[in-house]
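Working notes for the structure below.
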Amino acid sequence: MLAESVGLALLVVLDTLTPTERLAFVLHDMFAVPFGEIGEIIGRSADATKMLTSRARRKVQGTPRPEEEPRRQRAVVDRSRSSVPWA
Numbered sequence: 892m893l894a895e896s897v898g899l900a901l902l903v904v905l906d907t908l909t910p911t912e913r914l915a916f917v918l919h920d921m922f923a924v925p926f927g928e929i930g931e932i933i934g935r936s937a938d939a940t941k942m943l944t945s946r947a948r949r950k951v952q953g954t955p956r957p958e959e960e961p962r963r964q965r966a967v968v969d970r971s972r973s974s975v976p977w978a
């Protein structure tokens, strides 16, 4: 359930990016593809790709969380504690 929730949250966040930003962000930050290789794929220089990825990262970090997310996180923590005998 948690993995599904995180996956959905990631999709919402990635949806705030343009397709090119999304591609650069995912390839670099999640798969460690070098900027030069990403630039070849999207038809931009390595420096332009670095800036594009940086802009995408700032957008992702600035995406507000849904209001109920803290409550859901707390519920997950509480459930995990109740299932551990030493908690």
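Here the sequence shown is numbered in my numbering, starting from 892 and rising by one per residue.
Cβ atoms here follow ideal geometry from the backbone N, Cα and C, with glycine treated the same way.
Can you have a look at residue i and say buried or exposed, based on whether 16 or more other CB atoms are within 10 angstroms of its CB?
{"i": "residue 922", "result": "exposed"}
{"i": "residue 929", "result": "buried"}
{"i": "residue 902", "result": "exposed"}
The alpha helix (DSSP H) with residue i in it runs from where to where?
{"i": "residue 934", "result": "Careful: residue 934 lies outside any alpha helix (DSSP H) and carries neither H nor E."}
{"i": "residue 910", "result": "910-916"}
Given residue i, which residues of its chain have a CB within under 6 Å of its CB, disregarding the five upstream and five downstream residues?
{"i": "residue 927", "result": "937"}
{"i": "residue 933", "result": "911"}
Quick one: residues in its chain with C-beta nearer than 7 Å to the C-beta of residue i, no 5 flanking neighbours on either side, listed in chain order?
{"i": "residue 946", "result": "912"}
{"i": "residue 899", "result": "none"}
{"i": "residue 941", "result": "926"}
Suppose the cutoff is 8 Å on Cβ atoms and the five residues either side in sequence are ignored; what does the same chain contact list for residue i look like?
{"i": "residue 908", "result": "916, 947, 950, 951"}
{"i": "residue 924", "result": "918"}
{"i": "residue 931", "result": "none"}
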